[in-house]
Amino acid sequence: GAATGATSVATVAWLGYDPPDGAVADPGELGAILGDRRARVGGRALTAALDGLALRPRQRLTLVGHSYGSTTVGAALLEGASADNVVVLGSPGVLVDHADDFHRPDADFFALAADDDPVARLGWFGPNPARRGSGFSRLATDASGHSGYLRDGSLSQGKVAAAVLDQVAQGPLDRRPHGGR
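At position 124 of the sequence shown (counting the first as 1) the number is 236 in the working numbering, and the numbers step up by one without a gap.
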């Protein structure tokens with residue numbers, strides 16, 4: 113276990129779809145940013161990639177998605193992907209109103225949203241998962257803007273690592289999910 117130092121973690125960075133690149137001067141990219149088609153296509157591809165992992169019974173899976181990647185993680189969950197933990201960072205929405213809408217009662221859901229992250233406040237793809245009543249536990253973050261969540265040595269990076277290791281200890285700045293269904 114983690115207390116004995118015997119915990120090991122494998123990480124797979126996956127980008128098996130075409131995310132919008134944020135070039136709002138390109139009308140095609142603007143449409144992609146405002147639509148969920150690429151996230152849904154990516155969700156199907158991510159689900160297929162996860163099916164190929166062949167995890168052993170005691171191995172656990174955490175999905176971490178930043179920005180439009182969090183929307184893609186939401187699409188994968190709607191496609192039938194299964195995870196023990198889901199962590200979203202700076203999410204413009206995960207395609208559902210509440211974590212319960214994923215029908216994954218054994219999964220733990222976490223969200224980080226910096227106070228000055230404009231993307232996390234957009235609500236383009238559903239309500240902000242870091243809001244009260246979302247079914248996601250909001251984890252404290254020291255990130256600034258939209259891209260500082262995994263800065264080396266940051267509180268945010270530590271919170272994501274704790275979620276991956278199933279060791280999230282709620283601190284005074286974290287909030288448990290409020291408002292059931």
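Note that CB positions come from ideal geometry on N, CA and C, so glycine has one too.
Being a predicted model, the structure only gives us computed values, none of them experimental.
So residue i is in the alpha helix (DSSP H); what residue range does that whole segment cover?
| i | result |
| --- | --- |
| GLY186 | 180 to 190 |
| ALA157 | 149 to 163 |
| LEU267 | 267 to 276 |
Are the CB atoms of residue j and residue i within a distance shorter than 8 angstroms?
| i | j | result |
| --- | --- | --- |
| GLY128 | GLY154 | yes |
| ALA255 | ALA226 | yes |
| ALA211 | SER246 | yes |
| ARG172 | ASP196 | yes |
| ASP163 | ARG150 | no |
| ALA232 | LEU207 | no |
| SER249 | PHE221 | yes |
| ASP286 | LEU251 | yes |
| LEU189 | ARG216 | yes |
| PRO230 | TYR180 | no |
Can you name the start and end residues of the beta strand (DSSP E) that residue i belongs to?
| i | result |
| --- | --- |
| VAL199 | 197 to 201 |
| ALA223 | 220 to 224 |
Kindly give me the distance between the Cβ atoms of residue i and residue j, rounded to whole angstroms, as I take these residues to be in contact under 8 angstroms.
| i | j | result |
| --- | --- | --- |
| LEU158 | THR184 | 6 angstroms |
| VAL124 | VAL276 | VAL124 to VAL276, Cβ: 12 angstroms. No contact. |
| VAL272 | VAL176 | 6 angstroms |
| SER203 | PRO241 | 5 angstroms |
| TRP126 | ALA166 | Rounded, the Cβ-Cβ distance is 16 angstroms, inconsistent with contact. |
| ASP228 | GLY257 | 6 angstroms |
| GLY205 | GLY238 | 3 angstroms |
Tell me whether residue i sits in a helix, a strand or coil according to DSSP, three-state version.
| i | result |
| --- | --- |
| ALA115 | Note that ALA115 has pLDDT 48, beneath the 50 cutoff, so the model's placement of it is unreliable and the number below is only indicative. Residue state, collapsed to three classes: helix. |
| VAL67 | Residue coverage of the chain in this structure runs from 113 to 293, which leaves residue 67 outside it and unanswerable. |
| ASP254 | coil |
| ARG287 | strand |
| LEU146 | helix |
| VAL176 | strand |
| THR123 | coil |
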